[in-house]
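Notes to accompany the following structure.
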Amino acid sequence: MVVQRHRGAAARPRAPRSRGPNRRLRRHAGPGRRRRLPGPRLPLALPARAHGGVRHEPRAVLLVRHLDRALRRPAPRPRRHRARRVGSADRYRRRQRLRAPHVRPAAVVDPRRLRPVLRPARRRLGPQVGHVRPCQRRRDGGQYDRVLRGGEGTSLLNGCSGALLRRHGGLADGEHELQRQCFAQKRLYALQVESTDACLQDCVFCYAGAGPVATRGLSTAELEAVLQDAAFLGIHAIDWLGGDPLARPDWYELMCRARDLGLTNNVWTSGLPLADPAVAARVHEVAGRGFVSVHADSINRQTLARLRRGGDTGQLDAILAGVDNLLALGRSPDRMLNCIAFTAAQDPQDTIDTMRWWLERKGIRTCLTMFNPSGSGAALASLAPHPDAVRAVCRERDRLSFGEDGGSIGAMDTDKFYCGTMATVTFTGDVTPCSVIRDGVDNIRNRPLREIVEQHLEALVHARLHEPRDLPEPCGGCRHNDHCWGCRASAYHACGDADGLDPHCPFALAGDPAGREGTAPP
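Using this note's numbering, the letters of the sequence shown map in sequence onto residues 1 to 522.
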């Protein structure tokens with residue numbers, strides 16, 4: 001025993017100096033006192049079997065291994081100290097303290113190990129905005145679903161608008177946060193590809209001029225090059241447009257190619273080919289986590305006949321049969337849409353009844369779009385809907401989507417995170433910001449898509465409008481500008497500027513530019 005002498009104090013024994021790699025681990029709080037931590041001592045060296053010798057490892061590595069073993073050991077039981085005789089209140093408090101379960105220290109968990117646990121919950125409840133504790137997810141799950149389906153209850157849009165906007169066209173389930181990141185970084189998330197101009201619906205207002213027989217379009221080699229460039233640019237989803245993309249003979253091979261490249265397939269079809277169960281099964285396969293949209297402007301056969309050049313040819317029955325085929329295959333209604341192009345040829349009440357029918361009978365939401373006189377429909381300016389009709393259908397659309405006290409998305413049923421992260425390749429090869437804007441910045445037959453996007457990215461994603469303060473007046477002060485910026489195609493065809501004011505905005509038309517009334521005004 002070593003005796004340490006202090007000036008002016010009596011001699012007291014001092015513990016022998018600790019040696020070895022455990023010396024620092026055994027340091028205790030008191031001065032001059034050292035205590036060994038529980039667990040095995042750290043060896044000076046560990047055997048290296050692969051080399052047949054001894055490998056000396058740094059103390060940091062030994063420390064990590066020591067702590068790992070300490071966390072894996074069962075927690076010690078709480079010590080029960082013999083207490084002196086005290087009053088009844090003290091005995092009660094001591095008894096409750098001893099009955100409390102012992103809590104082990106929480107170990108560090110790799111977040112990647114939680115993904116198999118979190119993904120099923122996100123599929124059931126949908127993605128949330130921000131970080132929500134599991135107890136909040138369970139408690140709000142039922143109400144969350146009721147609000148999405150237009151039932152009663154308080155809307156969750158206040159303060160977290162993006163939580164419900166996942167059901168708008170263009171947002172693949174579970175990918176809304178990734179799309180918001182692309183929006184913040186001003187890069188592409190989705191690419192619309194018009195694979196053909198053939199479509200059996202033959203709508204009178206079609207901006208693409210589609211007909212029953214394909215007369216123009218991109219070759220298979222050109223489309224494969226587009227898919228390759230999309231994967232190179234980090235694009236996540238392909239929105240297949242037409243015409244009807246299912247009218248192309250090699251549609252299945254192209255979508256399989258996109259899937260193999262890691263791209264999500266979103267299919268915008270007329271719905272007529274889905275009446276064939278074999279076609280529906282293939283679409284369900286290649287769409288995967290993406291969505292499938294059909295096109296039924298009205299549930300009334302007489303109204304639908306007025307909007308088709310061929311009249312009533314049983315199209316509605318074929319579309320409904322195709323939807324039933326997809327539902328029978330197990331596709332969730334949340335991954336399906338019905339698209340309506342609202343025109344002056346439709347009565348607003350008929351459109352409202354159609355939206356209600358799809359939601360109540362099939363559980364499928366409607367993607368409401370406004371007619372724009374563009375492309376082949378430029379000569380049909382008389383089909384542009386009246387502002388009063390636009391306000392009426394948008395108000396009902398908001399009520400069905402967000403509840404009575406919810407918010408609004410404006411006149412076009414896609415949010416700014418979709419329109420601000422998307423570009424289009426038309427069936428003639430033009431690259432445009434939107435399929436309804438037919439004037440392209442360049443053509444893929446002149447140079448590759450990747451070069452076009454790199455040069456014209458800011459124009460394609462409307463980079464000038466990504467900050468709400470830069471929106472055209474009076475949109476800059478609207479309470480909905482955190483998720484809405486109007487329809488860029490409507491602004492382009494109204495004033496020639498894709499970054500201008502949307503003339504169909506129900507709030508601007510009603511004299512409520514700040515959107516104070518929440519939903520679209522009456």
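For each residue, glycine too, the CB sits at the ideal point set by N, CA and C.
Computed from a predicted structure; not experimentally measured.
- Message: Going residue by residue through the region 332-361, where are the continuous alpha helix (DSSP H) segments of at least 4 residues, counting only ones entirely within it?
- Response: 348-357
- Do the region 228-235 and the region 447-462 make contact, defined as three or more Cβ pairs closer than 8 Å? yes
- Query: How is His-295 classed by DSSP in three states: helix, strand or coil?
  - Reply: As a working note, residue 295 is residue 295 in the sequence shown. If DSSP states are grouped into helix, strand and coil, His-295 belongs with the strands.
- Rounded C-alpha distance that separates Leu-246 from Ala-463: Along the sequence shown, read from residue 1 onward, the residue named residue 246 stands at position 246. Along the sequence shown, read from residue 1 onward, the residue named residue 463 stands at position 463. Using only the alpha carbons, I get a separation of about 33 Å.
- Query: Start and end of the beta strand (DSSP E) containing Leu-368?
  - Reply: By one-based count along the sequence shown, residue 368 stands at place 368. Segment 365-370, the beta strand (DSSP E) holding Leu-368.
- May I ask you to report which of helix, strand or coil DSSP gives Asp-260? Within the sequence shown, numbered from 1, the residue matching residue 260 stands at position 260. Three-state DSSP puts Asp-260 in a helix.
- Rounded to a whole number of angstroms, what is the C-alpha to C-alpha distance between Val-431 and Ala-392? Residue mapping note: residue 431 aligns to position 431 of the sequence shown, counting from 1. Residue mapping note: residue 392 aligns to position 392 of the sequence shown, counting from 1. Each residue's Cα considered, the two are about 34 Å apart.
- Message: What does the Cβ neighbour count give for Gly-440, buried or exposed, with the cut at 16 atoms within 10 Å?
- Response: As a position in the sequence shown, residue 440 is number 440, starting the count at 1. So Gly-440 ends up on the buried side.
- Identify whether Ile-452 lies in helix, strand or coil by the three-state DSSP scheme. The residue labelled residue 452 in the question sits at position 452 within the sequence shown. Ile-452: helix per DSSP, three-state reduction.
- Query: Does DSSP put Glu-467 in a helix, a strand or coil?
  - Reply: Translated into the one-based positions of the sequence shown, residue 467 becomes position 467. Correct three-state label for Glu-467: coil.
- Item | 4 or more residues per run - each alpha helix (DSSP H) lying fully within the region 241-287 | 251-260 and 277-287
- Message: By the three-class DSSP mapping on this structure, what secondary structure does Asn-446 have?
- Response: The residue labelled residue 446 in the question sits at position 446 within the sequence shown. Three-state result, Asn-446: coil.
- Task: For Met-422, I'd like the list of residues in its chain whose CB is within less than 6 Å of its CB, leaving aside the five on either flank, ordered along the chain.
- Result: For this step, residue 422 is matched to residue 422 along the sequence shown. Only Ala-190 meet the Cβ criterion.
- Could you say if the region 242-257 and the region 467-480 meet the contact criterion of at least three C-beta pairs nearer than 8 Å? no
- Message: Less than 8 Å between the beta carbons of Val-294 and Thr-264, yes or no?
- Response: Indexing the sequence shown from 1 puts residue 294 at position 294. Indexing the sequence shown from 1 puts residue 264 at position 264. Result no, Cβ atoms of Val-294 and Thr-264 do not sit closer than 8 Å.
- Message: Using only the alpha-carbon positions, how far apart do Asp-497 and Thr-428 sit?
- Response: Here residue 497 refers to the residue found at position 497 of the sequence shown. Here residue 428 refers to the residue found at position 428 of the sequence shown. Asp-497 and Thr-428: Cα-Cα distance of roughly 23 Å.
- Message: For Leu-188 and Leu-241, what's the separation of their Cα atoms in angstroms?
- Response: Here residue 188 refers to the residue found at position 188 when the sequence shown is read from its first residue. Here residue 241 refers to the residue found at position 241 when the sequence shown is read from its first residue. Cα to Cα, the separation comes out at about 17 Å.
- Query: Mind checking whether Phe-417 and Arg-180 have CB atoms under 8 Å apart?
  - Reply: By 1-based counting over the sequence shown, the position of residue 417 is 417. By 1-based counting over the sequence shown, the position of residue 180 is 180. Against a cut-off of 8 Å, the Cβ pair of Arg-180 and Phe-417 comes out as a contact.
- Query: Considering only residues of the same chain and omitting the five flanking positions on each side of His-504, which have a CB-CB separation below 7 Å?
  - Reply: Reading the sequence shown from its first residue, position 504 is the one you call residue 504. Met-370, Val-390, Ala-411, Cys-487 and Ser-490.
- Residues sharing a beta bridge with Ala-423, DSSP: On the sequence shown, residue 423 is found 423 positions in, with the first residue counted as 1. Answer is Leu-191.
- Residues sharing a beta bridge with Leu-239, DSSP: For the purposes of this step, residue 239 is taken as residue 239 along the sequence shown, with counting starting at 1. Before going on, a small fix: residue 239 reads as Asp here, not Leu. Answer is Gln-192 and Asn-266, bridged to Asp-239.
- Query: What whole-angstrom Cβ distance do Arg-397 and Asp-413 have, given they're in contact under 8 Å?
  - Reply: Within the sequence shown, the letter at position 397 stands for residue 397. Within the sequence shown, the letter at position 413 stands for residue 413. Right, their Cβ atoms sit about 7 Å apart.
- Message: Below 8 Å, how does it come out for the region 203-218 and the region 299-313: are there three or more Cβ pairs, yes or no?
- Response: yes
- Between Asp-442 and the rest of its own chain, which residues show a CB-CB distance below 6 Å, the 5 nearest in sequence each way excluded? The residue you call residue 442 lines up with position 442 of the sequence shown. The residues are Val-431 and Ile-452.
- In chain order, what residues of the same chain lie with their CB nearer than 6 Å to the CB of Leu-460, ignoring the 5 residues before and after it? By one-based count along the sequence shown, residue 460 stands at place 460. Cβ neighbours of Leu-460 beyond the five flanking positions: Ala-423 and Pro-433.
- Indicate whether the contact test is met: 3 or more Cβ pairs, each with one atom in the region 272-291 and one in the region 321-335, closer than 8 Å. yes
- Query: Do the CB positions of Leu-223 and Val-193 come within less than 8 Å of each other?
  - Reply: Residue mapping note: residue 223 aligns to position 223 of the sequence shown, counting from 1. Residue mapping note: residue 193 aligns to position 193 of the sequence shown, counting from 1. Contact flag set, yes.
- Task: Provide the residue span of the alpha helix (DSSP H) that contains Thr-215, from first to last.
- Result: Residue mapping note: residue 215 aligns to position 215 of the sequence shown, counting from 1. Per DSSP, Thr-215 belongs to no alpha helix (DSSP H) and is neither H nor E.
- Task: Over the uninterrupted alpha helix (DSSP H) stretch that includes Asp-430, give me the two end residues.
- Result: The sequence position of residue 430 within the sequence shown is 430, counting from 1. Unbroken run through Asp-430 is the beta strand (DSSP E), 430-432; no alpha helix (DSSP H).
- Whole-angstrom distance between Ile-340 and Val-213, CA atom to CA atom: For this step, residue 213 is matched to residue 213 along the sequence shown. For this step, residue 340 is matched to residue 340 along the sequence shown. If I take the Cα positions, the gap works out to 23 Å.
- Task: Express the C-alpha separation of Val-436 and Gln-185 in angstroms, rounding to a whole number.
- Result: Here residue 185 refers to the residue found at position 185 of the sequence shown. Here residue 436 refers to the residue found at position 436 of the sequence shown. Near 24 Å, if we compare the C-alpha coordinates of Val-436 and Gln-185.
- Message: Nearest by alpha-carbon distance to Asp-347: which of Met-336, Asp-250, Leu-380 and Ser-298 is it?
- Response: Taking the first residue of the sequence shown as 1, we reach residue 347 at position 347. Selected option, being the one with the closest Cα: Ser-298.
- Is it true that the CB of Leu-400 sits closer than 8 Å to the CB of Met-355? Taking the first residue of the sequence shown as position 1, residue 355 is located at position 355. Taking the first residue of the sequence shown as position 1, residue 400 is located at position 400. In contact: Met-355 and Leu-400 (Cβ atoms closer than 8 Å).
- Message: With H, G and I counted as helix, E and B as strand and the rest as coil, what does DSSP make of Cys-203?
- Response: Walking along the sequence shown from the start, residue 203 turns up at place 203. Reduced to three states, the DSSP call for Cys-203 is strand.
- Does DSSP classify Thr-198 as helix, strand or coil? Stepping through the sequence shown from its first residue, residue 198 is reached at position 198. With the sequence shown as reference, residue 198 is identified as Ala, and Thr is not the correct amino acid for it. Three-state result, Ala-198: strand.
- Query: Helix, strand or coil: which one does DSSP assign to Arg-308?
  - Reply: The residue labelled residue 308 in the question sits at position 308 within the sequence shown. Correct three-state label for Arg-308: strand.
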